[in-house]
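Report on the following structure.
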Amino acid sequence: MFRKRKRRTSIKPYRAGRFAGYRQGSPGAGGPEAGAPEAGGPEAGSPETGSPGTGSLTRSLEDNIALFRNIFQQDDTLTLRELDVPGFGKACLVMIDGMTDSDVVNDNIIQPVLMSGRVPVREPEDVGQPKVGEQLKAGGQPEVRGQLEVGGQLAVGGPPEGSRLPEDFKEGRAAWFQKCIIAAKAVSRSSDVSSLCQAVIDGDTVWLLENEPEGLIIDSKGWKTRAIDEPKTETVVMGPREGFNESLIMNLTLIRRRIKTPNLKFEFMLIGRRSRTRVCICYLKEIAKESNLRELRNRLEKIDIDGILSSSYLRELIMDSPYTPFDLTGTTERPDIVSANLLEGRLAVLVDGSPCAMMVPFLFVEYFQANDDYYTNFYFGSLNRILRILGFLFTISIPGLYLSLVTFHHEMVPSSLLMSIYAARQGLPFPTVIELIVMLLLFEILRESGTRLPAFMGQALSIVGALVIGQAAVEARLVSAPTVIVSATAGITELVIPRIKFPSIMIRVLLLLMSSLLGLYGFLFGLIGLLLHLVELRSFGVPYLQGIMSFKKQDLKDTVFRGPWWTMRTRPRNIAREGEWVRQQKGSGGTGK
Amino acid sequence: MKLPKICILLGMLLLLYGCWNYREADSLFLVTGCGLDYDFEKDRYRMTVEIAAPEGSGKNVEIKPKILSADGDTVFDAVRNIIRISSKRLYWGHAQAYIIGRNLAEKSILPLLDWIIRDAEPRETVVLYISKCETAEEIFKEKIPSSRMLAYGIYEMTTSAVSVPKAPYVQVYQLYGMLTSDTGVAYVPAVDITREGGSFTPIVTGAALLDKERLAGFLSEEDTRSLLFLRDEIKGGILPVKTGSGPMSGYLSLEIFKSSTIVTPVFQEDRMSFKVKTALEVAVGGEYEQEKYLSADQTAELENICSQFLKNKLEDFISRLKQDYGLDAVGFGEVLKRRKPGLWKEVKSNWNEETFRDIDVQMDVKVTLRNTGQYLKGL
Amino acid sequence: MPRQKEILSNWSGISLLGMFMMGTSIITMAGKDAGMDVLLALPMAAVANILLAFMYTRILTLYPGKSMMDLQEMIFGKLSKLFYLLTVWIALHVATMTLILFGEFIQVVSLPETPRYFICGFIAALAIWLVKDGLEVMGRWAGFAFPVFLLIITGVSLLSIEDIRLDTLGPFLSKGLHPLLTGTFPLIALGLAFFTEVFNHLGNSRKTFRVFLFGILLTTFSLFFVYLRNISVLGMSFTQSLYFPSYAAVGIINIGNFLQRIEVAVSVNFILVGFIRLSICLYVASKGISRLFGFQDHRAITAPVAFLVMAFTLFAFRNIVELSEWVNSTYPYYRVPFLFFLPLVTWVAGEIKARKDRRKATLPPAL
Amino acid sequence: MLKIAFFITIITIFVFVDLIPALRRRNIRYAAAFLAFSCLALSICILTELGVKIPSPAKPIKTAVDALLRR
């Protein structure tokens, strides 16, 4: 882990190739931090890490090529491009088709290499500095080509003599290629087969040379990614429309573009013995709580799993209370939400290949917050929040309350209402509790099939659902009309907050069962238990219910109500670092305040 | 440690699934009201209940009133015996009117009152009536043309008495309070049957005066209004005032907006008297002899006439209360108890019989005219 | 599993205290035998409670962070086991009473056919869960439930304004001082002694007394309004003749024929506060028992102690008549030795020991 | 009968929650206390179910207090 961090400081440009380096350091080159705990570092070279090759390259190119062929047996995406470099002999490019950017390979690797034997002799002082890249960047290749053509002096018989390029050849020919020829932004050397293999898998190109025990790992990653568009699940009325896609680096850019401070930190980790997924912890160094960060790193390092395909894998692996149905980590596909969370002092975890970022700590009240609240008028935002809270309360309680009122506490229903329920229930075959359970189940089935169904089949589903369940069942006197109304209300209110769907289904059923036992008292016991469970939960040490029912004025600003921005002077308690609670200095902003 | 906790809840729910009090609405009959009588020949209570019974099937279920009755050794026994006829359990949570027949009320109302308060189902806010007919059964057994619940009709007549103060609205918990007070005098609304156009309609009219647990007599609607004035229970309604004499002359209706009555004991030279101060704020709702009362002076005159009229009414009522019944329905005793607890202890043992008959009452009625409706000048 | 020291916030402390003190009075109207004088008894009892709170605060602050049991262990050594035993006894007794009242209330008021042990079982299971989660969770739970409780009390009392008849109040002190005293005594919350096991967890031990004071005042105010409402709505005689006057008083509310039949709000309130009362008793009992046996952690013993309480409910009182007679006439006196003299002895002994310790500390060692 | 079943159920649940972890951690004394208390509770339950009148401590205390205060 530490190696990654160390490397980060030395490599500046961020793009897909930003990682090229860290893998090729030979194991154990820990440097000063070698004593730090390293929980199953992925490059430990153990057999499970997924890199089949071990050992080092040999001097024979034939052997090396055979080695790679052997490792990537039956993998026909492996592409070997053999070259004959004038003056150097045979060379070979090893890459995987589809993972590499053809332009980079063609223009920045093959072309300079092929030309290298003909390059006019340069002054020694030019050598050793990564001028080539810059030159290419500035002028582009045509200039080089032109130069060659004009010069017409083809330096055949490339084997460089010591007098020509004395500095570079001291380090070996590979180093010379690395520094002087290859026009890629990150090139490193390695002789370790496993790291070379890993590089190939990651989409880099490995460059092998005859009679050279070191290979070059050239950054040439490039593949197609989805365009940045608005997430389907989190639409917003007013506000940014960008959403994460599956490329980690792209996602990080989206965050970086919103918070432009060097204090925004991105720490990388590799998780997954086989998938070797890159995972990034982002935080704002001055605001995030150090202890939370340490805890998060700790928990992530403890993970031992063979594959991570989405951030949801991580969420379940690092939850404080693994059995709770509630989310203890936030999740979003929107960079603006992640940025807002970072600014509150939270930590975000992004996973390569998953558009969902995970944020910790997560509080219960965040279920009811939506980014739209912050982009619209604060009255409207507060109203929406209250509606969401009501929606949650309704969806968990309506079936249970209805059941206990009509089967236990008839005295609480107004006489006229009881009469109509009474009339509606005449001659029905099933007890209310069974009716309710079946109807709720049917609703969930409809909902679930609606989610997975192709859009063109949706209509059929809704027609059948509405007609059969809504009308025919009542008319055939299988279920009573009030039951249909109640379960439909519970189902609709459940959709006010899609994220809390599962816990609310579970609580609703539990409360329903409790109500069928002891009526309203059972319902109340269920609520007591629910509150108890919520109270005992913690997300990264922060009490889950923090912020709800607080009497402190400042705490209420962003919980049940969305206060105007000028009043939100502090960050939520306990989340940001001690003493870093002030979001706005007093008097700043809020004209007229 | 969370999984076991979830197991606790689930295990308890699944293993011990028993719902003792789970009752579907359709397994019950809703009782809307009941009447209680005593059959002195058979020496048994007779309970008549009105239930809301479903009629029809399929989608066209209608709720119609149905009358059932049964005998029993006690009230509760009679209640349970009805189940044998009705085949479903009776549910009392929505019953509003409990009627006691006059025959039984002359003995005691306690059997029913005790059951209402003790049992969990009947509510404390229901109203107990005393029937002016011999039995309560008569009231229920009369044919009702409509599908309305008779008991609810009776109850609504009482609650609407706020704007027509002709019957008191006494809920059972208030009745209990009156009966357990030191004077032990209470009043409840009375029900009777009117015969209009061949159909019999129950009507709530006047009040029944109770001495301890026994019926002492019925008060007319006018007396009931006086009683309500004295007890400061008037919240609105119409006060017809007769300003002249002879037929068709000088009835004036006053709409009451505000009314307050304060009773204070006065002691003068060993003699106890009570001062009743009634203040009324009214508007002229309708009058017959218009020309008379339009100027400011005339308004004052009108106020005087009305005050005098009401004062006479009230004084008349109190004197009749003293002579005919000897029952302190107005609650002078309660006032004395709060003001002079020491003195009360001495007189309370024979308050109704002696002291109350002796006391003087000084009436002070003040009627204030708020407006005369939309009319400035009459025809 | 050693856990880090649990810390109660001040509000949690106030909530626990308030809910514990309301415990059963909110529904049974303790002290209603005093008649009208109970309204005067409430402030008198508050004064007595504050005096008691002085003593309990002193016990807690002699050695900050030490509970009364810790103190007893320091002072009496082996003998302290006797003290634990007495505390456990009374805690179990109060827990049993609370649990029975729960069962009886629910049974009498709305679920007559449901067996009592079944209702009790649910509540006991929840209480075990709460107590096992520890004091901090308990405090936070109370911190959430207490505002709900106060909100319901206020709302319901506001709704019954229409039915309140203040002219039915009085006469006060018509029968001399005796009823006042008999009304005051049950209202004195000797149960506060249990909080000497709870408030040693308060985050700021210097604010202990403030927490006591605020809790007592809040409770007295709430109870006063509840009592006033009940008496003025139902009338004194009806109030006295009911087991659960609050329930009846709220059942009378009828606003525009729409807002009516809301007496279940009282049940909610009673279950919330009674639940905390039960949990505190269970906490103290299991703590005492684990100390008796020399266990480190009370959590392992909580569940069996709760079973024991459940078993006691089966035979302790035959019915609510016996229970209410006991609660009204015997219990207020019976609890005195356990909840008053026991802390008193501890306090006096602790005071002496603290003096000695302080002298020892100031004296130069080994002269 | 249901009463005993109910008691046994609740106790069994907590056997899983409390007793078995205690045994696993070799906390014999916890386990012993757990078993002792649970058995006591269960036997009280069974006795009452069998119709045995267990004398309640409330009664003697009541007579004692009455004797002390209202001589």
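Protein chains in written order, with numbering that gives the first Met the number 0: chain X, 0 to 592; chain U, 0 to 378; chain W, 0 to 366; chain F, 0 to 70. From the three backbone atoms N, C-alpha and C, an ideal C-beta is built for every residue, glycine too. Remember, it's a predicted structure, so these values are computed and weren't measured experimentally.
(1) How about X:T204 and X:M114: do their beta carbons lie closer than 9 angstroms?
(2) DSSP three-state label for F:A97, please.
(3) According to the Cβ coordinates, are X:A575 and X:I286 closer than 9 angstroms?
(4) Could you tell me the boundaries of the beta strand (DSSP E) in which X:Y366 lies?
(5) Helix, strand or coil: which one does DSSP assign to X:Q177?
(6) Provide the residue(s) that pair with U:E395 in DSSP beta bridges, ordered along the chain.
(7) What residues from the region 113-127 of chain W come within 9 angstroms of chain F, judged by C-beta to C-beta, listed N to C?
(8) Quick one: any contact between the region 226-239 of chain U and the region 192-204 of chain U, if contact means 3 or more CB pairs under 8 angstroms?
(9) Mapping DSSP to helix, strand and coil, what is X:A35?
(10) So, at 6 angstroms on beta carbons, what are the nonlocal neighbours of U:V364 in its own chain, with the 5 sequence-adjacent residues on each side left out?
(11) Tell me, please, whether the CB atom of X:M411 is closer than 9 angstroms to any CB atom in chain W?
(12) Using only CA atoms, which one of W:M20, W:L61, W:T167, W:G30 lies nearest to W:S323?
(13) Examine chain W for any beta-carbon lying closer than 9 angstroms to the beta-carbon of F:T11, and answer yes or no.
(14) Over what stretch of residues does the beta strand (DSSP E) that includes U:I237 continue unbroken?
(15) Run through the DSSP bridge pairs and tell me what W:N253 is partnered with.
(16) Between the Cα of X:V84 and those of X:Q110, X:N69, X:F71, spot the shortest distance and give me the residue it belongs to.
(17) Answer with yes or no whether the minimum CB distance from W:R260 to chain X is below 9 angstroms.
(18) Under 8 angstroms by Cβ, that's how I've got W:M35 and W:P170 pegged, so tell me the actual separation to the nearest angstrom.
(19) Pull the bridge partners of X:A287 from the DSSP assignment, please.
(20) Which residues does DSSP list as the beta-bridge partners of X:I607?
(21) Roughly how many whole angstroms lie between the Cα atoms of U:W91 and X:F393?
(22) Tell whether a beta-carbon distance below 9 angstroms holds between X:E229 and X:V236.
(23) Return no unless some Cβ of chain U is closer than 9 angstroms to the Cβ of X:F361.
(24) What does W:L237 touch in chain U if you count any residue whose Cβ is under 8 angstroms from its own?
(25) Do U:G236 and U:R261 have their beta-carbon atoms positioned less than 9 angstroms apart in this structure?
(26) At 7 angstroms on the CB atoms, spell out the chain W contacts of U:E123, in chain order.
(27) If you measure from the beta carbon of X:S50 to each beta carbon in chain U, is any gap under 9 angstroms?
(28) Give me the Cα-Cα distance between U:I99 and U:Y44, rounded to the nearest whole angstrom.
(29) On the premise that U:A185 lies in contact with U:L178, defined as a C-beta separation below 8 angstroms, what is that separation, rounded to the nearest angstrom?
(30) Look up U:I99 in the DSSP assignment and say whether it is helix, strand or coil.
(31) Could you confirm whether any beta carbon from chain F is found closer than 9 angstroms to the beta carbon of W:M309?
(32) Against X:P430, what residues of chain U qualify as contacts under a CB-to-CB distance less than 7 angstroms, listed in chain order?
(33) Out of W:F274, W:A299, W:G273, which has the shortest C-alpha to C-alpha gap to W:S285?
(34) Given a cut-off of 9 angstroms, decide if X:V483 and X:I468 are closer than it, judged by their beta-carbon atoms.
(35) Roughly how far, in whole angstroms, is the beta-carbon of W:V249 from the beta-carbon of W:V155, given that I think they are within contact range, below 8 angstroms?
(36) Please report the straight-line C-alpha distance between X:L92 and X:T78, rounded to a whole angstrom.
Quick answer:
(1) no
(2) Any answer about residue 97 of chain F is impossible in this case: the structure gives chain F only from 0 up to 70.
(3) yes
(4) Careful: X:Y366 lies outside any beta strand (DSSP E) and carries neither H nor E.
(5) helix
(6) In the structure as shown, chain U begins at 0 and stops at 378. Residue 395 of chain U is therefore absent and cannot be evaluated.
(7) P114, Y116, F117, G120, A123, A124, I127
(8) no
(9) The predicted model places X:A35 with a pLDDT of 37, which falls under 50 and marks its position as unreliable, so this point remains unresolved.
(10) T277, S306, L309, K310
(11) yes
(12) W:G30
(13) no
(14) 236-241
(15) W:Q259
(16) X:Q110
(17) yes
(18) 7 angstroms
(19) X:A575
(20) Because chain X in this structure spans residues 0 to 592, residue 607 of chain X falls outside the shown range and cannot be described.
(21) 30 angstroms
(22) no
(23) no
(24) Contrary to the premise, residue 237 of chain W reads as Phe rather than Leu in this sequence. Residues of chain U passing the Cβ test: Y172, Y175, G176, T179.
(25) One detail in the question is off: residue 261 of chain U reads as Ile in this sequence, not Arg. In this structure, U:G236 does not lie closer than 9 angstroms to U:I261 by Cβ.
(26) A247, G250, I251
(27) For X:S50, the predicted structure reports a pLDDT of 45, less than 50, and the residue's modelled location is therefore unreliable. A value from the coordinates is still provided. Taking Cβ atoms only, chain U never reaches closer than 9 angstroms to X:S50, which makes this a no.
(28) 11 angstroms
(29) 5 angstroms
(30) strand
(31) yes
(32) E23
(33) W:A299
(34) yes
(35) 5 angstroms
(36) 8 angstroms
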